[in-house]
């Protein structure tokens, strides 16, 4: 199981950063893309649209307008599901994902991990 955190940040107060910490604490293979390169724990934050293999989940920490540039990229990864964290809800991408048979959820990755629903 591999997760892509899209909208990753090195800033500890950001929820994307907390998600990387939580994912790694559960030993979930994690990759990340942000607007700046960096590192959180053992996870490198990439700036470009890396051709990651085997992405099972994309968890979004970008507003809907900032997701548009990633639509084709996300769908091209062919994940099993996309999690729209609070503030990242996006009906347009939900429709595109459903057309590609990708499960979508408006949920909080941190809550899902803490309650064993991930």
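In the working numbering, the protein residues as written are 718 to 835. Using N, Cα and C, we set each Cβ at its ideal position, and we do this for glycine too. Remember, predicted model here, so these are calculated numbers, not experimental data.
Inter-residue spacing [alpha-carbon to alpha-carbon] between residue i and residue j
i	j	result
residue 796	residue 722	12 Å
residue 724	residue 778	5 Å
residue 791	residue 728	24 Å
residue 809	residue 742	32 Å
residue 766	residue 832	31 Å
residue 764	residue 819	24 Å
Helix, strand or coil at residue i according to DSSP, with G and I counted as helix
i	result
residue 807	coil
residue 761	strand
residue 816	helix
CB contact flag (residue i, residue j, <7 Å)
i	j	result
residue 815	residue 772	no
residue 751	residue 780	no
residue 821	residue 828	no
residue 830	residue 739	yes
residue 800	residue 817	no
residue 802	residue 826	yes
residue 737	residue 747	yes
With 16 other Cβ atoms within 10 Å as the buried cut-off, status of residue i
i	result
residue 784	buried
residue 744	exposed
residue 733	buried
residue 768	exposed
residue 794	buried
Anticipated Cβ contact below 8 Å, residue i with residue j, distance rounded
i	j	result
residue 787	residue 813	About 11 Å separates the two Cβ atoms, so there is no contact after all.
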